[in-house]
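Asks: Numbering (our numbering), first residue to last: 1352 to 1489. Ideal Cβ placement from N, Cα and C applies to all residues, glycine included. Quantities reported herein were computed from a predicted structural model and do not represent experimental measurements.
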């Protein structure tokens, strides 16, 4: 078929995109990239907060172990480790309910509560508490 320079019916002369189509595509792309960047930033913030919470929990666990190994004497102690402030307390637990023991047996120890509180940032807190039995002093 010879070329006559005429465009067959149903076809347009341009095969490219119009300026309006390009602008709409760029706007959609900008919205999508913005949403992805916000999600990425939020993920980084959550990862940092999770790391801080894990560090505080590990510090509280370490201090709980240290207090338990130090003899469980009633009292309080506190300190600072980097950006974390900690406070440990050992308190006797009053008898909650009398227990009947078989004849000839008597209680040989006392129950104490060991609590460690770690604070950091603005109002962020981790607190670990446990009960331990200690031998009664004669």
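Candidates 1422, 1483, 1477 and 1377: which alpha carbon is nearest residue 1404's?
Replies: To locate residue 1404, count along the chain shown from 1; it is residue 53. With distances taken between Cα atoms, residue 1404 lies closest to 1477.
Asks: Taking only runs that begin and end inside the region 1400-1480, name each unbroken beta strand (DSSP E) of 3 or more residues, in chain order.
Replies: DSSP runs (the beta strand (DSSP E)) wholly in the region 1400-1480: 1426-1432, 1435-1443 and 1460-1471.
Asks: Return the residue from the list 1454, 1482, 1455 and 1431 that minimises the CA-CA distance to residue 1461.
Replies: By one-based count along the chain shown, residue 1461 stands at place 110. If we check each option's Cα against that of residue 1461, 1482 comes out closest.
Asks: If contact is defined by three or more beta carbon pairs under 8 angstroms, each pair taking one atom from either stretch, is the region 1466-1473 in contact with the region 1424-1439?
Replies: The region 1424-1439, when compared against the region 1466-1473, does touch it at the 8 angstroms Cβ threshold.
Asks: Are residue 1428 and residue 1479 touching if we call contact CB-CB under 8 angstroms?
Replies: Here the question's residue 1428 lines up with position 77 in the chain shown. Here the question's residue 1479 lines up with position 128 in the chain shown. No, Cβ-Cβ distance for residue 1428 and residue 1479 is not below 8 angstroms.
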